[in-house]
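To start, the structure under review is shown below, and the notes come after it.
Residue numbers (our numbering), protein chains in the order written: chain A, 44 to 603; chain B, 192 to 289.
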């Protein structure tokens, strides 16, 4: 009730502006609102990436053709999810934000993000930028050197900028900001650099900071009993680097947090809340209402940052408000998003550091002998590899079939904690481990694309990916199609029921981004960014085999 | 003759010792700032340039790239002293042996 009243109050002030984009519209995105717009990261606050559109469907998809493409003048990778409002698409990459006419593909404006080039020193894993936020006539974007900026949606001119953190401390921002209940929020990254993770809330009109919620507790704060009683928590990690999902009825925004700092947990004995966890915050205050820790005493670089997809699912005949999360650690979790209780937890790839099934009554992974030996300092082979069974690229959920769609990787690492404590120096890596890829059986698939039952992690279908793992976000539509892309550039439409590739188009570079679909004047469009990079792993596999170079690709049905 | 010979030998030894120190400093600098992308001891680079393949006769190219940045690699000129960059070169040119 509170958030509705707030939304109304805000709406009265700004509904009159033609270019404005209101709180009401944000709430309605993928929730009864017009399919002409895509206003949020995840195509709706719940981040289901599900569209009710049926014009492009299993029968018509054979007529799907590119209708325009636009260069993004960038060779370090495209990971973004475009937004669309009133016929204008807002997208970009680490270098610039652009506004594009959705029909013609012509650029309306382009604004460089303008960050200190030296800041790239403190980015572990690629010069990534996953999107923007829209609110009240403004486009919000974060820079690699940890600034938050507001641009005029009509002209692209900067309205304000605010410094979120000093990048020299190892902090950068690669995620899309978000606006919920009138508050503009951003996470940050830097888990490899001994940062103290946080989410911060800002006034979208002025950029004034409203609150900052750290992801390690202050001394004496509830949760501090899971840390040593010294200043270890200040370098403890827990950086939230993927945009939070939001339940507007509960008024909770859910953020996943990264690995611990340093990587080697023996230097920070304890479970280390809220590292490798999900926290449910109040957008107005940043207060933590509940948390769940995916990997207690995390020491594997299993960031808990993957998206927290919200959906209502039937469990034992009862409809539950669920939060679904496919973690780096190889487990697919279903939580009750009202209180964080574990409903189900099962491995979705091979895991050897913990038992593959989590007992909901216990609510916690059970580590194996492999984990014990690793923690004791032995060199061990760990499954999955530190980059995870799934990395940052988001999954899609069909609320009708109650299935999750995403690519997973089967890979192992050789991992050993160093004997000496790593020296902390601001802006330098703070790790304390040696990690390399385990030799791979090249006759086995490197990964799969699958449709999973969230409660069991069992696949309805599972398509092997022999050549390279997939590193792309997904989209599912009521047309019975699942869209995703390959590192080798194919953008594909799969039959939702079987996984069979019904259509594909060879884009100009690898696909590591987040497809969307929308309508304009009754015609359905699909857009995806193509451009290899944005993640050291994605580059590793395809080096020398796939060209880089970013561009926007938009598709629609060729008229009959 | 003997004196010159001894002097030459001494300076060669000192030179060799200095070169060894360079490589050691280079190895330390590499481990702190470069290993994450270019691989521990230059093995298994995660999509970054394979330094084991860097031409051993292109010191200037190396120093420029490290100082000013190149493609995805950020500039390190603002962080590392010229001696450290020279030491990095000694390490890379030695093929990762130290």
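Using N, Cα and C, we set each Cβ at its ideal position, and we do this for glycine too.
{"Query": "Tell me, which residues are paired with residue 538 of chain A by DSSP?", "Result": "A:524"}
{"Query": "Can you name the residues of chain A whose CB is closer than 7 Å to the CB of residue 297 of chain B?", "Result": "As displayed, chain B neither begins before 192 nor continues past 289, which places residue 297 of chain B out of reach and without an answer."}
{"Query": "Would you list, in chain order, the members of the stretch 162-174 of chain A that have their beta-carbon closer than 9 Å to a beta-carbon of chain B?", "Result": "162, 163, 164, 165, 166, 167, 168, 169 and 170"}
{"Query": "Give me the subset of the stretch 248-274 of chain B whose CB atoms are less than 8 Å from a CB atom of chain A, sorted by chain position.", "Result": "260, 262, 263, 264, 265, 266, 267, 269 and 270"}
{"Query": "How close, in whole Å, do the beta carbons of residue 427 of chain A and residue 527 of chain A come, if the pair is a contact with beta carbons under 8 Å?", "Result": "That pair is no contact at about 20 Å."}
{"Query": "Per the DSSP calculation, residue 478 of chain A is bridged to which residue(s)?", "Result": "A:458"}
{"Query": "In the stretch 227-243 of chain B, which residues sit with their C-beta less than 9 Å from some C-beta in chain A, listed in chain order?", "Result": "227, 228, 230, 231, 234, 235, 236, 237, 238, 239 and 241"}
{"Query": "Do you know offhand how far residue 110 of chain A's Cα is from residue 598 of chain A's?", "Result": "5 Å"}
{"Query": "Roughly how many angstroms separate the alpha carbons of residue 230 of chain B and residue 387 of chain A, rounded to a whole number?", "Result": "38 Å"}
{"Query": "Under 8 Å between C-beta atoms, does residue 278 of chain A make it to chain B?", "Result": "no"}
{"Query": "In chain B, what lies closer than 8 Å to residue 480 of chain A by C-beta?", "Result": "235"}
{"Query": "Quick check: the Cα distance between residue 602 of chain A and residue 106 of chain A, rounded to an integer number of angstroms?", "Result": "8 Å"}
{"Query": "In three-state terms, what does DSSP make of residue 438 of chain A?", "Result": "coil"}
{"Query": "Which word fits residue 77 of chain A, buried or exposed, when buried means at least 16 other C-beta atoms lie within 10 angstroms of its C-beta?", "Result": "exposed"}
{"Query": "For the structure I just gave you, are there three or more beta carbon pairs, one from the stretch 444-463 of chain A and one from the stretch 507-514 of chain A, closer than 8 Å?", "Result": "yes"}
{"Query": "Using a Cβ-Cβ cut-off of 8 Å, state whether residue 119 of chain A counts as contacting chain B.", "Result": "yes"}
{"Query": "Could you tell me whether the Cβ of residue 160 of chain A comes closer than 8 Å to any Cβ of chain B?", "Result": "yes"}
{"Query": "For residue 323 of chain A, collect the residues of the same chain with a Cβ closer than 6 Å to its Cβ; drop the 5 residues on either side in sequence, then sort them by chain order.", "Result": "295, 297, 332 and 333"}
{"Query": "Below 8 Å between beta carbons: does that hold for residue 277 of chain B and residue 264 of chain B?", "Result": "no"}
{"Query": "Please name the residue, chosen from A:240, A:256, A:225 and A:264, that lies closest to residue 248 of chain A on a Cα-to-Cα basis.", "Result": "A:225"}
{"Query": "Considering just the uninterrupted stretch of the alpha helix (DSSP H) at residue 282 of chain B, what are its terminal residues?", "Result": "273-284"}
{"Query": "Taking Cβ to Cβ, would you say residue 169 of chain A is nearer than 8 Å to residue 576 of chain A?", "Result": "yes"}
{"Query": "If you check the beta carbons only, do residue 148 of chain A and residue 112 of chain A fall under 8 Å apart?", "Result": "yes"}
{"Query": "When you compare the CB positions of residue 374 of chain A and residue 401 of chain A, do they come within less than 8 Å of one another, or not?", "Result": "yes"}
{"Query": "Tell me which residues share the same chain as residue 275 of chain A and place their Cβ nearer than 6 Å to its Cβ, disregarding the 5 neighbours each side in the sequence.", "Result": "311"}
{"Query": "Do residue 121 of chain A and residue 593 of chain A count as a contact pair if the criterion is CB distance below 8 Å?", "Result": "yes"}
{"Query": "Under 6 Å Cβ to Cβ from residue 114 of chain A, same chain only, skipping five residues before and after it: list those, please.", "Result": "594"}
{"Query": "Flag this pair as yes or no: are the beta carbons of residue 256 of chain A and residue 242 of chain A separated by less than 8 Å?", "Result": "yes"}
{"Query": "Please state whether DSSP places residue 144 of chain A in a helix, a strand or coil.", "Result": "strand"}
{"Query": "Within its chain, find whatever has a CB closer than 7 Å to the CB of residue 472 of chain A; leave out the 5 residues flanking it on each side and keep chain order.", "Result": "235 and 236"}
{"Query": "CB residue 459 of chain A to CB residue 422 of chain A, shorter than 8 Å?", "Result": "yes"}
{"Query": "Between which two residues does the beta strand (DSSP E) containing residue 70 of chain A stretch?", "Result": "Where residue 70 of chain A is concerned, there is no enclosing beta strand (DSSP E), although the alpha helix (DSSP H) it sits in stretches over 66-71."}
{"Query": "Have a look at the DSSP bridge pairing and note the partners of residue 508 of chain A.", "Result": "A:490"}
{"Query": "Would a check of beta-carbon distances place residue 371 of chain A closer than 8 Å to chain B?", "Result": "no"}
{"Query": "Quick one, are the C-beta atoms of residue 352 of chain A and residue 456 of chain A less than 8 Å apart?", "Result": "no"}
{"Query": "Taking residue 284 of chain A as the reference, which of A:444, A:172 and A:156 has the closest Cα?", "Result": "A:172"}
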